[in-house]
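For what it's worth, my numbering labels the leading residue of the first sequence as 867, then goes sequentially.
The C-beta atom is built at its ideal place from N, Cα and C for all residues, glycine as well.
These numbers come from a predicted model, not from an experiment.
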Amino acid sequence: MDTIRTDVIGALVAAVPGLTAERARELLTAPPDSAMGDFAFPTFAVRDRFDNAPPPAVARQLAAAIRKPASVARIEATGPYVNFFAEPAVLARTVLESARAAGARWGATDLGQGRTVVIDFSSPNIAKPLGIAHLRSTVIGNAIRNLHAFCGWKTIGVNHLGDWGTNFGKLLSAWEKWGSEESLKERGVEFLKDLLVRFTEAERADPAFRQQARDWFRRLESGDPEAKKVWQHFRDISLAEFRRVYSLLGIEFDSWSGESAYVDRMAGAIAELEARGLCSESQGAYVVDLTAHGFKEPFLLRKADDASLYGTRDLAAILYRRRDLGARALVYVVAADQKLHFRQLFKVAELLGVDVEPVHVEFGLMRIVNAEGVREKMATRKGTIVLLHDVLQAAIERVHEIIADREWDAARKSRVAHQVGIGAVIFNDLSRTRTRDIDFNLQQMLDFDPETKAFKGETGPYLQYTHARLSSALRKYGKEPPASVDFTLLTTDEDRAVLRQIGRFPDIIRDATTRYEPSLLSRALIDLCGEVNRFWRNQRILSDDAALTDARILLVQTARRTLRTGLDLLGIEAPEEM
RNA sequence: GUCCCCGUAGCUCAGUUGGAUAGAGCGGUGGUUUCCUAAACCGCAGGUCGCGCGUUCGAAUCGCGCCGGGGACACCA
867 MDTIRTDVIG
877 ALVAAVPGLT
887 AERARELLTA
897 PPDSAMGDFA
907 FPTFAVRDRF
917 DNAPPPAVAR
927 QLAAAIRKPA
937 SVARIEATGP
947 YVNFFAEPAV
957 LARTVLESAR
967 AAGARWGATD
977 LGQGRTVVID
987 FSSPNIAKPL
997 GIAHLRSTVI
1007 GNAIRNLHAF
1017 CGWKTIGVNH
1027 LGDWGTNFGK
1037 LLSAWEKWGS
1047 EESLKERGVE
1057 FLKDLLVRFT
1067 EAERADPAFR
1077 QQARDWFRRL
1087 ESGDPEAKKV
1097 WQHFRDISLA
1107 EFRRVYSLLG
1117 IEFDSWSGES
1127 AYVDRMAGAI
1137 AELEARGLCS
1147 ESQGAYVVDL
1157 TAHGFKEPFL
1167 LRKADDASLY
1177 GTRDLAAILY
1187 RRRDLGARAL
1197 VYVVAADQKL
1207 HFRQLFKVAE
1217 LLGVDVEPVH
1227 VEFGLMRIVN
1237 AEGVREKMAT
1247 RKGTIVLLHD
1257 VLQAAIERVH
1267 EIIADREWDA
1277 ARKSRVAHQV
1287 GIGAVIFNDL
1297 SRTRTRDIDF
1307 NLQQMLDFDP
1317 ETKAFKGETG
1327 PYLQYTHARL
1337 SSALRKYGKE
1347 PPASVDFTLL
1357 TTDEDRAVLR
1367 QIGRFPDIIR
1377 DATTRYEPSL
1387 LSRALIDLCG
1397 EVNRFWRNQR
1407 ILSDDAALTD
1417 ARILLVQTAR
1427 RTLRTGLDLL
1437 GIEAPEEM
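Pasting the structure below:
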């Protein structure tokens, strides 16, 4: 694809006075429809070189004047654009040969050059169940981690657990009053959540509770063995439950260092701030004043009661990740409602002169439509929480219904149900633009047609199904496709459309990575599959014509590998049969 | 009150960072399987791009002002 693009740019530079190759590369786009060509050059951008003639006239003039490179079949003026049609056989050869040469790394660009990036994602709070709201950070973060690793970054995926803070004072205090080892064993995190909710309610009625919670948190912060022991127990129980869900999702972390890991580093971070004269007292709290930097509110380091705050732990974590882990970039995959916090945090890090590039990859809130039909943010204490585990199980169950009458053994059914059900849930999230809010709707998430018993439309299963189809054709072909085929046989509209989608892949990967936007990849895969399925429908792959079969099977193999790589990066399994 | 995000077909969403006739999926409706997986493919119907003004050769996209939804605004994370 790139070699043809370079040819087109060369021809344009020769024909347009004063046009540089760089500028031409910027301007050259793709037409909205492959029937209109493979490259499009907009003439309004160079109108001034042609006496400000109307763009369509410039397009016609240029189309006639440009010397056609060998890799270009046709040049056409369409409205204000000059459209270039790649020589189909050259298109086929360039795309398929570069994909083959790249192998499993097809689509990758070395953006990271071995640098380290810490990606902070999922990060649930201990003693609260994993809700559906945690899905977003978890799957978006995982995809971003995969994309960065694919593009040459050394990635460290951190689950920055919320395992410290004032809430633990409440929890320890509640445990002291109403704790029951038996209930804990039986109901796990759910019981801890109930304790917390009960305590929060009691606290509203009786302010004495507040002081007790403070005392417990102080004990915990000062290393009291009893407090620490109970805390550790709660943490272990929470983690065991979290791991079950992560394992369903197929997601792993390189580190589970949560907030508690930075407790001992807070003093050092504060000392550095003090050394630069950045700290002050305000309303009894210890803060960094940021009014000189456009913030109304200060960044809080310690509460008036001397207890630590999460911002300070976050700051200590930045120092650790930069200095001890060698991170050059820090990515925080956290909902948009914490935007202000991260702006402040990054500013404070900057004031400390930390040489690192921090990014808050924000995403829209998962809202729930409550009983009165009003959308609102989900909250554990309002009881408006939908358990992530339940949603995943529901998805798996749904697929079980679909494949019930397949003649497969139970293990296979269960494997496919898992792959497809989880894939549906993950893709549902990753196919949307990050920043949009989502109204949680299980019905819609698992939308399927009860008549035909099938998922429909732009879904994870659609991608997986396409992958299974391609896999099936390759299985039937039964051998490794030849390295070289007759590329002049791959010139139908369907061939070209599939080749075009495959050819876009490296650009897509690069954009999705640098913009932290997995949905770009999701949608590109939808486009790829659309073309693949049209191709599948309209032409026969395996036929008596050996040369044609070889050529098409190479296209099929390349399409499948591209799709497979894309699904891997999104964290979605690619079944060979379904 | 201040600031941030969002508003595109009945529903859910794209729209390549200002360009071609605003596109998909679902739902509706009609069709496609002697053949590699029909969880697929094709046709039809469906639009005041929230409203107004402005910038521009050109605006869904940029600016300003309204309207509507969501969120943030120091001792929670």
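Point to revise | Three-state class that DSSP yields for F903 in the structure shown | key: Looking at the sequence shown, residue 903 is not Phe but Gly. If DSSP states are grouped into helix, strand and coil, G903 belongs with coil.
Review point. What are the complete beta strand (DSSP E) segments, minimum 3 residues, inside the region 1001 to 1078?
Key: 1020 to 1024
Practice item. Mind reading off the beta-carbon distance from D1193 to T982? Whole number of angstroms is fine, and I expect it under 8 Å. Key: Note that residue 1193 is Ala in the sequence shown here, rather than Asp. Indeed they touch by this definition, with Cβ atoms about 5 Å apart.
Check your understanding: Can the beta-carbon of I1438 be found less than 8 Å from the beta-carbon of G973?
Key -> no
Practice item. Specify the secondary structure class of F1229 as computed by DSSP and reduced to three states. Key: strand
Practice item. Give the DSSP-derived three-state secondary structure of D1393 in the structure shown. Key: helix
Review point. So, using beta-carbon positions, are V1455 and I1006 closer together than 8 Å?
Key: Lying outside 867 to 1444, the shown extent of the chain, residue 1455 is not represented and no answer is given.
Review point. If you draw a straight line from the C-alpha of F1016 to the C-alpha of G1023, how long is it?
Key: 14 Å
Check your understanding: Are A1425 and L1394 close, meaning C-beta to C-beta below 8 Å?
Key -> yes
Practice item. State the beta-bridge partners of L1166 as determined by DSSP. Key: V1153
**Study point:** For T1424, the three-state DSSP class (helix, strand or coil)
**Key:** helix
Check your understanding: Going by beta carbon distance, what residues of the same chain come within less than 6 Å of R1085, once the five residues before and after it are set aside?
Key -> A1093
**Study point:** Distance between I1262 and R1403 (C-alpha atoms, nearest Å)
**Key:** 29 Å
**Study point:** Beta-carbon gap between K1205 and H1159 smaller than 8 Å
**Key:** no
Check your understanding: Should H1099 be labelled buried (16 or more other beta-carbon atoms within 10 Å of its own) or exposed?
Key -> exposed
Review point. Just checking, does the region 1401 to 1417 make contact with the region 1342 to 1358 on the three C-beta pairs under 8 Å criterion?
Key: yes
Exercise for review: Can you give me the Cβ contacts of S891 inside the same chain, cut-off strictly under 7 Å, excluding the 5 residues immediately before and after it?
Suggested key: Checking the sequence, you will find Arg at residue 891 rather than Ser. For R891, where only same-chain residues beyond five positions count, the Cβ hits under 7 Å are I875.
Check your understanding: So what does DSSP say about L1211, is it helix, strand or coil?
Key -> helix
Check your understanding: Taking the alpha-carbon positions, what's the A911 to L893 distance?
Key -> 8 Å
Exercise for review: May I ask which residues mark the beginning and end of the alpha helix (DSSP H) holding V924?
Suggested key: P921 to A931
Point to revise | D1411 to L1429 span [Cα, whole Å] | key: 27 Å
Check your understanding: Helix, strand or coil: how does DSSP classify G1143 here?
Key -> coil
Check your understanding: What's the call for R1179, buried or exposed, on a 16-neighbour Cβ count within 10 Å?
Key -> buried
Practice item. Following the continuous alpha helix (DSSP H) through E1383, name the residue where it begins and the one where it ends. Key: No alpha helix (DSSP H) holds E1383; DSSP gives it neither H nor E.
Exercise for review: Using three-state DSSP, classify D1130 as helix, strand or coil.
Suggested key: helix
Review point. Would you say the region 1349 to 1362 touches the region 954 to 969, given that touching needs at least three Cβ pairs under 8 Å?
Key: yes
Point to revise | Where S1388 sits in the DSSP three-state scheme | key: helix
Check your understanding: Candidates D1172, M1232, G1124 and T1157: which alpha carbon is nearest L1181's?
Key -> G1124
Review point. By Cβ distance below 8 Å, which residues in the same chain neighbour R1110 in space, the five residues on each side in sequence not counted?
Key: H1255
**Study point:** Straight-line Cα distance separating S1088 from L865
**Key:** Since the displayed the chain opens at 867 and closes at 1444, residue 865 lies outside it and no answer follows.
**Study point:** Option nearest P946 by Cα separation, candidates M902, I998, A939 and L977
**Key:** M902
**Study point:** Straight-line gap, D1172 to K1279 (C-alpha atoms, nearest Å)
**Key:** 56 Å
Check your understanding: Do you know how far the Cα of F950 is from the Cα of V938?
Key -> 7 Å
Practice item. With a threshold of 16 other CB atoms inside 10 Å of the CB of K1059, please say whether the residue is buried or exposed. Key: buried
Exercise for review: Kindly indicate the opening and closing residues of the beta strand (DSSP E) around V938.
Suggested key: V938 to T944
Review point. Comparing alpha-carbon positions, which option in Q1149, E1442, I985 and R1362 lies nearest R1335?
Key: E1442
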